[in-house]
Amino acid sequence: MSLEEARDLFDRALASRRKEERIKHLATLVAKTPPELVPKIIAWADRIPGVRDREGFVLDLLARWAEDDPASALTYAGGISNRARKLAAMEVVLSRWGSDDPAASTDWVFSLPRGSDRNQLLVSRLSELSFADPERAFHYLTRLRSEDPGAMKGEYVVAPIFARWAESDPARASRQALALSDENERALAIQSVAAAFGEQDPDAALAWVESLPRGSQRDQAWAAVILANAERDPAAAVQRLSERADHPDAGMLASSVASTWADSDPEAALAWAERLPAGEVRDQALRSVGQQLAGDDPRRAFQLAQRLSDDNMRDSLLRDSVSKWALLDPREAARAIFSLAPSEARVQALADMVGNWSVSDPGSAADFVQRLPPGEEKDQAAIQLLIGLSYQTPRQAADYLTRFDGKVSDEVMGTVVSGWADQSLQEVTAWVVGLPAGATRDKACEALADHTFHLDPAAAIERIGEIQDEEIRSRAARTLMSRADIEQNDEVKELLRRSFPTLDTPETAPGGEPFRWGECTCTCPGATSVAPEGN
């Protein structure tokens with residue numbers, strides 16, 4: 001493409017009335033631009049309307065430029081005044097350069113002045129270099145630490161380097177891991193080496209682990225080998241696990257190995273888990289097998305759950321199984337739930353079942369909930385029904401909402417109104433305005449005002465003024481005042497004070513002391529907000 005052809009395509013893009021068409025033309029221009037023309041074409045970016053489109057065009061062109069002349073592209077990127085945009089542009093160029101020459105791109109970053117910018121760029125450089133040459137990536141990290149001992153600490157740097165290093169040279173990687181001076185990083189490196197080593201040669205990996213000093217690091221490394229071994233040979237992994245029943249994480253390991261094994265051979269995994277001695281380890285293994293079974297055979301998983309002695313594990317598997325069962329046969333799942341003794345677990349299992357049923361057949365799920373006897377089971381089932389509908393068909397959720405009592409509407413009104421407003425603000429506003437006066441309408445007005453405040457503060461304040469219940473109206477007004485405080489929007493704060501004069505009257509905390517922002521202990525929407533100092 002010549003410069004004249006590029007200019008014609010760029011002009012056509014700017015002449016496009018539809019944004020989608022303009023973006024398409026710009027993408028075509030970038031794809032066809034020879035790298036040597038980028039310095040001239042990138043200067044046209046200022047003519048593109050919209051900050052995001054303009055920045056995207058620049059970044060795409062920089063990637064093209066980096067194919068031919070990464071040094072010049074980096075010089076351009078380094079001249080961007082905004083720090084965040086500058087670093088983003090440099091990342092794009094370095095990533096493209098690094099795909100061809102990771103060592104050279106990393107060397108260039110090291111040539112930058114010391115500081116947070118260089119450290120931030122080095123994170124991605126070392127991550128990419130660790131794929132091609134993990135040992136070299138570690139040497140770069142060591143070099144950086146010699147200049148700045150506190151730089152780039154943490155799992156996100158050390159673990160990937162040693163994991164990839166161990167894949168190619170586990171012996172050398174293990175020696176270097178043990179030589180690390182930082183205890184936390186040494187533990188991370190040892191685990192990473194153990195996992196990678198364990199995938200290749202579990203016997204050799206375990207022999208290496210046994211050579212480590214006794215303690216938590218050796219226990220964690222042993223666990224990493226077992227988990228890695230389970231991916232390839234779960235039967236061998238459980239045999240090794242049986243030889244270390246005293247391992248501090250035996251329950252977790254049994255659960256993980258059982259889950260991995262059940263994914264490929266659930267019958268074998270179940271037979272092994274059932275042979276374990278009664279107790280927590282057996283329960284964890286059975287639960288993991290049951291969770292895998294639940295997808296294809298939820299009835300069997302449900303029956304298996306009732307054999308667990310641990311209440312929490314039993315309840316967890318019951319909920320998993322009925323949630324999956326509801327997708328296949330919700331009425332049969334309901335009958336199974338009602339065969340359980342009344343309990344909190346039964347309440348939650350029924351609610352989970354209804355929530356999943358509402359996805360496939362909301363009408364039948366709603367009819368089922370309405371026929372339930374009054375009580376906690378009906379309330380929680382209705383809440384899950386309406387929450388599920390609010391994300392799919394919020395208008396239908398709003399219709400069903402009026403069928404249930406105040407506790408249910410209190411819980412879900414905000415979710416229903418917010419979900420509907422995201423789809424059609426005009427429709428949900430008309431619905432709220434058309435509700436008969438009363439508690440439901442008041443709560444709907446509060447939810448709508450909270451959702452639309454950032455779009456139209458005046459309309460949100462007007463909506464609050466329509467609330468009849470004084471407590472709800474005051475709560476809603478104070479919520480908006482808190483948000484206006486955070487946004488430092490003095491104009492809206494003044495409008496709120498004029499509309500609701502009592503906002504200037506200090507509230508009283510439960511102990512009789514004047515209310516102060518940040519000390520609220522209630523559960524209203526404003527309780528999670530933190531006002532700025534001075535309020």
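Start counting the sequence shown at 1; every next residue gets the next number (the working numbering). The C-beta atom is built at its ideal place from N, Cα and C for all residues, glycine as well. Only a predicted model underlies this, so the values are computations on that prediction, with no experimental measurement involved.
Comparing alpha-carbon positions, the option among 23, 347, 100 lying closest to residue 379 turns out to be 347. Listed in chain order, the non-local C-beta contacts of residue 105 below 7 Å within the same chain comprise 94, 97, 98, 125, local neighbours out to five positions each way being set aside. Here the C-alpha atom of residue 2 lies approximately 18 Å from the C-alpha atom of residue 57.
Contact check for residue 419 against residue 457 fails: the beta carbons are separated by 9 Å or more.
Counting along the chain, the unbroken alpha helix (DSSP H) around residue 139 starts and ends at 134-147. Apart from sequence neighbours up to five positions away, the residues of its chain that approach residue 159 with a beta-carbon distance below 6 Å are 188, 192, ordered along the chain. Apart from the 5 residues on each side of it in sequence, residue 228 sits with its Cβ closer than 6 Å to the Cβ of 195, 198, 199 in its chain, given in chain order.
The shortest C-alpha to C-alpha distance from residue 300 to any of 284, 317, 69, 309 is the one to 317. DSSP places residue 313 in the helix class (H, G or I) of the three-state scheme. According to the DSSP assignment, residue 356 belongs to the alpha helix (DSSP H) that extends over 344-360.
For residue 201, no alpha helix (DSSP H) encloses it, and the DSSP letter there is neither H nor E. No residue range can be given for residue 35, since it is assigned to no alpha helix (DSSP H) and is classified by DSSP as neither H nor E. Cβ-Cβ distances below 7 Å link residue 474 to 502 in the same chain, with the five nearest sequence neighbours on each side left out; the list follows chain order. Restricting attention to alpha helix (DSSP H) runs no shorter than 4 residues, the stretch 394-443 encloses them at 394-401, 406-423, 425-434, ordered along the chain.
Per the Cβ contact rule, the stretch 213-230 is in contact with the stretch 245-252 (3 or more Cβ pairs under 8 Å). Around the beta-carbon of residue 338, fewer than 16 other beta-carbon atoms lie within 10 Å, marking it exposed. Of the residues 32, 434, 27, the one whose Cα lies closest to the Cα of residue 48 is 27.
Residue 488 counts as exposed, since fewer than 16 other beta carbons sit within 10 angstroms of its beta carbon. Linking residue 297 to residue 305 through their CA atoms gives a straight-line distance of about 13 Å. Under the three-state reduction of DSSP output, residue 465 falls in the helix class.
Distances from the CA of residue 260 to each of 232, 281, 282 were compared; the closest alpha carbon is that of 232.
Apart from sequence neighbours up to five positions away, the residues of its chain that approach residue 173 with a beta-carbon distance below 7 Å are 162, 165, 166, 193, ordered along the chain.
Under the three-state reduction of DSSP, residue 98 is assigned to helix. Distance from the CA atom of residue 201 to the CA atom of residue 169, rounded to whole angstroms, is 12 Å.
Looking only at 42, 465, 331, 340, the smallest Cα-Cα distance to residue 357 is reached by 331. Here residue 355 is buried, its C-beta having at least 16 other C-beta atoms within 10 Å. Sequence-distant Cβ neighbours of residue 345 in its own chain, meaning closer than 7 Å and more than five residues away, are 315, 318.
Bounds of the alpha helix (DSSP H) holding residue 301 are 298-305. The DSSP-derived three-state label of residue 243 is coil. Of 102, 68, 333, 55, the smallest CA-CA separation from residue 38 is found for 68. Around the beta carbon of residue 443, a 10 Å sphere encloses 16 or more other beta carbons of the protein chains shown; the residue is thus reported as buried. Spatial neighbours of residue 289 in its own chain (CB-CB distance under 6 Å, excluding positions within 5 residues in sequence) are listed in chain order as 258, 262, 269, 270, 273. A Cβ-Cβ contact shorter than 9 Å links residue 245 with residue 281. By a beta-carbon distance limit of 8 Å, residue 435 contacts residue 441. Their separation comes to about 4 Å. For residue 284, the enclosing alpha helix (DSSP H) starts and ends at 280-293. Each of 307, 351, 451, 311 was checked against the Cα of residue 325, and the nearest Cα belongs to 351.
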